[in-house]
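So the sequence shown is numbered by this note's numbering: it starts at 1 and just counts up by one.
This report refers to the structure that appears directly beneath it.
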Amino acid sequence: MMKKSEFPLYEVHMQQHLFFKQKLDEFKQALEYKNEIVDEQMLNFLRKWFVVHISEQDKQYADYIKLRRKK
């Protein structure tokens, strides 16, 4: 939808999602090696990601769509 709507920050947004996926892969690998501190690290990362990414980055897209609808 972002690409179709020509969202100017599409590439940046997709890079953030790629980073998110890479971090999840790292956490998965750490869990497979029984890393005992990974649970807390993963929870902290996920909390921050969901709060910051959704409240800031996803909001930028929502604001962009609202502006386009007004035109």
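By construction, the Cβ of each residue, glycine as well, lies at the ideal position given by its N, Cα and C atoms.
A quick note: this is a predicted structure, and the numbers were derived from the prediction, not measured.
**Request:** With DSSP as the reference, label M42 as helix, strand or coil.
**Result:** It is helical.
**Asked** Where does the unbroken alpha helix (DSSP H) through E11 begin, and where does it stop?
**Response** Y10 to E32
**Asked** What do you reckon, are the CB atoms on V38 and F27 nearer than 8 Å?
**Response** Judged by their CB atoms, V38 and F27 are nearer to each other than the 8 Å cut-off.
**Prompt:** Alpha carbon to alpha carbon, what distance is there between R68 and S55?
**Reply:** 20 Å
**Item:** Euclidean distance between Cα positions of L46 and K3
**Value:** 25 Å
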